[in-house]
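Read through the structure below, which is laid out as structure tokens, and then see the notes.
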Amino acid sequence: MNIMKNLKNFLIKNSLIYYNNNGNNLLFKNIFPKIPPLYKLFYSEELDNEEFNELVSHIYYKKTWKTTLYKRNLLTDELILKTIKSKKVNLLEVGASTGVSSLYLFYRLRKHLLTFYLTDYLFNVKIVKVKNSFFFYDTKGKSFIVANKHWTFLLDKKSFFPVFFLAKRYFRMKGKKYQKRYIDSGRDVVLLDRRILKLVEESDKIRIEQWDTSEPWNHEQLDIIKVANVLNLVYLKKKEIINIVNNLKLILKDDGLLFITENREKENLSVFQKNNNKLILRDRLNKGAEIEEFIEGI
Ligand SMILES: C[S@@+](CC[C@H](N)C(=O)[O-])C[C@H]1O[C@@H](n2cnc3c(N)ncnc32)[C@H](O)[C@@H]1O
């Protein structure tokens, strides 16, 4: 069982990802998700919420997909609500993607919130259109996607197949060439669900921060941290996960709770509490998070 799982993880991690925009990739059709036409994000104002979330879900940046869905972490959200009861809390969500998976939690929590920090290391992109191709840049000017009407290259995804490896190298080079244009003529696209942006305008309780877990946290300590579908052994090494959890522990109040969720066939959740500077397992739903065993006691 473990061998099969490791093999699947290896294939996902190392295989080519070249998709045509009919949603088929050229190999391993059944293993990989389908990629819709990401270039449409250049015209994001024309997209409805569902299409927008679907497109963003197929962005691959640094080491993870931005996959997300409304009410995706419902069991986790319900347990957070149950745990809080009538206390006033501040809460941090790490790796929120478009924020749509937190909408429900925010609506239900509103009365009990001091602050809800929605964070992710990629909320803002610049897209440069060059002839018929669209180059996506992060805020540091690194290109990570090239797309047009017919195909999409995810440049952060490794390819061992020579054709795609070389193609990606070529597009990375082109990306560097057009980097200057990104400053002058790149279109800013915010990768947040419109309903979240509206909530931010209406309420000062919800705050958006483009934050990488490896950076220092410049706000108050937190009562609750929710991390759903981020700390994943497919993409991160055990050591990297431990480092991230150590950083999160630092910004959690003593007695604060850390919810780690993995949506697989079922929603698996492990809940830890910070106690005397150690993370103690307090609760589990379904199988619990895959990383549970090496988080306990950190
Ligand atoms: C698979 S999505 C999960 C989105 C949402 N939590 C959900 O469950 O639907 C993972 C998100 O985590 C973000 N992410 C991954 N590693 C991160 C890190 N070290 N710091 C901040 N964000 C990170 C990615 O950009 C991506 O948006």
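Be aware that the sequence shown starts at 105, since it is given in our numbering, and climbs by one per residue.
Using N, Cα and C, we set each Cβ at its ideal position, and we do this for glycine too.
Could you check whether residue j and residue i sit closer than 9 Å to each other, using their CB atoms as the reference points?
i, j, result
"L203", "L222", "At residue 203 the sequence reads Gly, which differs from the Leu that was named. Against a cut-off of 9 Å, the Cβ pair of L222 and G203 comes out as a contact."
"V193", "L218", "yes"
"S318", "N347", "yes"
"D359", "K191", "no"
"F376", "E397", "no"
"R285", "V234", "yes"
"L389", "N372", "yes"
"D292", "N153", "no"
"R176", "A332", "yes"
"P320", "A251", "no"
"I395", "K342", "yes"
"K253", "N236", "yes"
Candidates the options: which alpha carbon is nearest residue i's?
i, options, result
"T256", "D387, L145 and K341", "L145"
"K230", "T168, L295 and A271", "L295"
"G290", "L385, E396 and F240", "F240"
"K261", "K343, L151, L354 and Y339", "Y339"
"E182", "K167, I399, S206 and Q325", "S206"
"F220", "E324, I402 and N390", "E324"
"K281", "V232, H254 and D387", "V232"
"S161", "I402, E154, E155 and T171", "T171"
"K244", "V198, K253, K370 and Q314", "Q314"
"S201", "I384, I312, G279 and I345", "I312"
"L354", "S263, I188, N322 and K391", "N322"
"K391", "L179, A271, S263 and E155", "L179"
"F238", "G279, E366 and S307", "G279"
"K363", "F269, N351, L385 and F268", "Checking the sequence shown, residue 363 turns out to be Phe, not Lys. Among F269, N351, L385 and F268, the Cα nearest to that of F363 is on L385."
"Q283", "N106, D387 and D242", "D242"
"S148", "A271, I188, N228 and N367", "N228"
Whose C-beta lies closer than 8 Å to the C-beta of residue i among residues of the same chain, with five residues either side of it excluded?
i, result
"R276", "S247 and L259"
"L151", "K144, L145 and L159"
"R212", "D181 and L185"
"N126", "Because N126 sits at a pLDDT of 45, beneath the cut-off of 50, its placement in the model cannot be relied upon, and the following sentence gives the value as read from the coordinates. Hits under 8 Å: none found."
"K404", "The structure shown does not extend to residue 404, since the chain is modelled only from 105 through 402, so no value can be given for it."
"K357", "Q325, L326, D327 and K378"
"K370", "N390 and K391"
"L352", "V198, T317, I329, V331 and L362"
"I107", "none"
"D208", "Here residue 208 turns out to be Tyr, not Asp, going by the sequence shown. Answer for Y208: Y174, K175, L178 and D181, listed in chain order."
What are the boundary residues of the beta strand (DSSP E) that includes residue i?
i, result
"Y221", "L217 to D224"
"Y241", "S237 to Y241"
"S201", "Where S201 is concerned, there is no enclosing beta strand (DSSP E), given that its DSSP letter is neither H nor E."
"E400", "No beta strand (DSSP E) contains E400, which DSSP labels as neither H nor E."
"K382", "K382 to L389"
Short of 7 Å in beta carbon distance, which residues of its chain neighbour residue i, apart from the five on each side in sequence? Order them along the chain.
i, result
"K133", "Low per-residue confidence applies at K133: pLDDT is 42, beneath 50, and the placement is therefore not dependable, though the value from the model is reported in the following sentence. Nothing meets the Cβ criterion."
"I310", "F210, F220, L222, L303 and V304"
What residue does the alpha helix (DSSP H) around residue i start on, and which one ends it?
i, result
"G279", "P266 to K281"
"T187", "L178 to I188"
"I163", "Run containing I163: none; DSSP gives neither H nor E here."
"I346", "K342 to L354"
"V304", "R298 to E306"
"R212", "L207 to L213"
Only counting the same chain, and skipping five residues up and downstream in sequence, which positions put a Cβ closer than 6 Å to that of residue i?
i, result
"K167", "Y339"
"L196", "Y221, L326 and I329"
"N379", "none"
"Y164", "L258, D260 and K261"
"G199", "D224 and V334"
"F156", "none"
"T365", "N177, T180, A332 and L373"
"V349", "I399 and I402"
Between residue i and chain C, is any beta-carbon pair separated by less than 9 Å?
i, result
"K246", "In the displayed structure, chain C is absent; only one protein chain is listed."
Would you check whether ligand 3 has a heavy atom nearer than 8 Å to the C-beta of residue i?
i, result
"K343", "Ligand 3 is absent from the structure shown, which contains only ligand 1."
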